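Under the numbering used here, think of the first position of the sequence shown as 1, with each following residue one higher. The structure appears below as structure tokens.
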Amino acid sequence: MSAAMTAVLEQACAGEPPIDDAVQDIFRRADRLRRRRARSVILGGMAAIVVVVLLGYALTTVLLPGPKPRSAAAVPVAQPRPSAELDPVLNILVGPIEAKDRSIVPRLPASGSGWRQYAVTESDGRPHGLIEVAVFDAPAGLCLPVLADETACARPDRTKAGIEYARYADTADEDWQVRQVIARRTVDGRTVAVQATGERGTGDGEQGEPPLTGRELADVATNPKLLDAFGLGERCNAPAPACPIFKIPVRPSGD
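Structure, rendered in structure tokens:
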């Protein structure tokens, strides 16, 4: 190399760092590049994992059926309903009984075709007698008995709704005090007998008194809803051995 060329190169390299420093700088730059690439690879892998997880969740939600919501119609919900609402006969009796601070419930055997019976208790749980209800068909008429004369027929009272009725009471026997009402709907002869009996065996006239007065019993028996509470096919006409035994028998004409 000529002296002139050497001088030119020396002048061009005059501002450059020493060769040792250049080598170290190259290694430092290479090391930084490797670290950046490693970070890029790691971040890329993590991003790929997140994408796979999100994609899998999305596919599972869309393609697989989830749990079906429970239908409100299929879930039984307990609805408290008083027994009086389920039994229209009891629904008529419960008013005057509860007005005396007493309770009334079906007494087993509680019912049959054409009849029902219920037990009455005091507020402290002591028994206070029995109420029996039965229906009859008397399209041909009905003789309402007279206690003093078995061959006579009583002249009935009549309500504005066209129901004839007669009241009876036999409270002389302390061990079996009875009040009874027989009522007949004149348009079709449908008849109902309602008997209230005091608790037997008390030996006390007051404790053995029937749970309803004669007037209260008449209000129950002449309530048009009482006859409608029984089905048309229900009847205690003879022969009907399961029906209650009334103090005053009901004898429709033609039976």
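We treat Cβ as the ideally placed atom computed from N, Cα and C, and that holds for glycine. This structure is a prediction, so every number in the text was calculated from the model and none was measured.
Can you list, in chain order, the residues of its chain whose CB lies under 6 Å from that of ARG251, leaving out five sequence neighbours each side? Residue 251 sits at position 251 when you count from the first residue of the sequence shown. If we look at ARG251 and ignore the five residues flanking it on each side, it has no Cβ neighbours.
Exposure label - GLY198; buried when at least 16 CB within 10 Å: In the sequence shown, the residue the question calls residue 198 occupies position 198. Looking at its Cβ environment, which holds 16 or more other Cβ atoms inside 10 Å, GLY198 is buried.
Excluding sequence positions up to five away, which residues of its chain have a Cβ less than 7 Å from the Cβ of LEU227? Indexing the sequence shown from 1 puts residue 227 at position 227. VAL135, ARG185, ARG190, VAL192.
Alpha carbon to alpha carbon, how far is PRO106 from PRO82? Give it in angstroms, no decimals. In the sequence shown, the residue the question calls residue 82 occupies position 82. In the sequence shown, the residue the question calls residue 106 occupies position 106. Residue placement at PRO82 is flagged as unreliable, the pLDDT there being 49, under the threshold of 50; the coordinate-derived value follows with that caveat. C-alpha separation (whole angstroms): 13 Å.
Looking only at DSSP bridge pairs, what is SER111 linked to? Looking up residue 111 in the sequence shown gives position 111. The partner list for SER111 (beta bridge, DSSP) reads ARG116.
Among all the DSSP beta bridges, which residues are the ones paired with CYS153? Position 153 of the sequence shown holds residue 153. DSSP lists PRO145 as partners of CYS153.
How many angstroms separate the CA atom of SER253 from the CA atom of PRO211? Within the sequence shown, numbered from 1, the residue matching residue 253 stands at position 253. Within the sequence shown, numbered from 1, the residue matching residue 211 stands at position 211. Each residue's Cα considered, the two are about 31 Å apart.
Which value, in whole angstroms, describes the spacing of the CA atoms of LEU86 and LEU108? Within the sequence shown, numbered from 1, the residue matching residue 86 stands at position 86. Within the sequence shown, numbered from 1, the residue matching residue 108 stands at position 108. Rounded to the nearest angstrom, the two C-alpha atoms are 16 Å apart.
If you compare alpha carbons, which of ALA240, ALA166, ARG126, PRO139 is closest to CYS153? Here the question's residue 153 lines up with position 153 in the sequence shown. The shortest Cα separation from CYS153 among ALA240, ALA166, ARG126, PRO139 belongs to ALA166.
Just mark THR151 as buried or exposed, buried being the case when its beta carbon has 16 or more other beta carbons within 10 Å. Here residue 151 refers to the residue found at position 151 of the sequence shown. Result: exposed.
Find out if the Cβ-Cβ distance for the pair PRO224, ALA161 is shorter than 8 Å. Within the sequence shown, numbered from 1, the residue matching residue 224 stands at position 224. Within the sequence shown, numbered from 1, the residue matching residue 161 stands at position 161. In contact: PRO224 and ALA161 (Cβ atoms closer than 8 Å).
For ILE131 and LEU93, I'd like the C-alpha separation in whole angstroms. Working through the sequence shown from its first residue, we reach residue 131 at position 131. Working through the sequence shown from its first residue, we reach residue 93 at position 93. Cα to Cα, ILE131 sits roughly 9 Å from LEU93.
Please report the residue range of the alpha helix (DSSP H) in which GLY208 lies. Working through the sequence shown from its first residue, we reach residue 208 at position 208. Unbroken run through GLY208: none, as it is neither H nor E.
Out of curiosity, what's the CA-to-CA distance linking PRO244 and ASN237? Here residue 244 refers to the residue found at position 244 of the sequence shown. Here residue 237 refers to the residue found at position 237 of the sequence shown. Distance between the alpha carbons of PRO244 and ASN237: 11 Å.
Check this for me: beta carbons of ASP157 and ARG235, under 8 Å apart or not? Stepping through the sequence shown from its first residue, residue 157 is reached at position 157. Stepping through the sequence shown from its first residue, residue 235 is reached at position 235. No. Outside cutoff.
Taking the beta strand (DSSP E) that GLY129 falls in, what are its first and last residues? The sequence position of residue 129 within the sequence shown is 129, counting from 1. Element bounds for GLY129: 127-137.
Which residue marks the beginning of the alpha helix (DSSP H) containing ALA172, and which one marks its end? Position 172 of the sequence shown holds residue 172. Per DSSP, ALA172 belongs to no alpha helix (DSSP H) and is neither H nor E.
Please confirm whether any heavy atom of the ligand SAH lies closer than 7 Å to the CB of ILE245. Among the ligands in the structure shown, none appear at all, so the ligand SAH cannot be discussed.
VAL220: which of VAL194, GLN207, GLY201, GLU206 sits nearest, CA to CA? Locating residue 220 in the sequence shown gives position 220, where the first residue counts as 1. Here the closest residue by C-alpha is VAL194.
Hey, how far is the Cα of LEU142 from the Cα of PRO127? Within the sequence shown, the letter at position 142 stands for residue 142. Within the sequence shown, the letter at position 127 stands for residue 127. Rounded to whole angstroms, LEU142 to PRO127 spans 34 Å at the Cα level.
Quick check on the burial criterion: 16 or more other C-beta atoms within 10 angstroms. Buried or exposed for VAL181? Stepping through the sequence shown from its first residue, residue 181 is reached at position 181. If you draw a 10 Å sphere on the C-beta of VAL181, you find 16 or more other C-beta atoms in it, and that means buried.
What residue does the beta strand (DSSP E) around ALA193 start on, and which one ends it? As a working note, residue 193 is residue 193 in the sequence shown. 190-197 is the extent of the beta strand (DSSP E) around ALA193.
Inter-residue Cα distance where the pair is ASP175 and ALA140: For this step, residue 175 is matched to residue 175 along the sequence shown. For this step, residue 140 is matched to residue 140 along the sequence shown. If I take the Cα positions, the gap works out to 36 Å.
Cβ separation of LYS247 and ASP170, assumed to be a contact under 8 Å, to the nearest whole Å: Here residue 247 refers to the residue found at position 247 when the sequence shown is read from its first residue. Here residue 170 refers to the residue found at position 170 when the sequence shown is read from its first residue. The pair is a contact, with the Cβ atoms about 6 Å apart (cut-off 8 Å).
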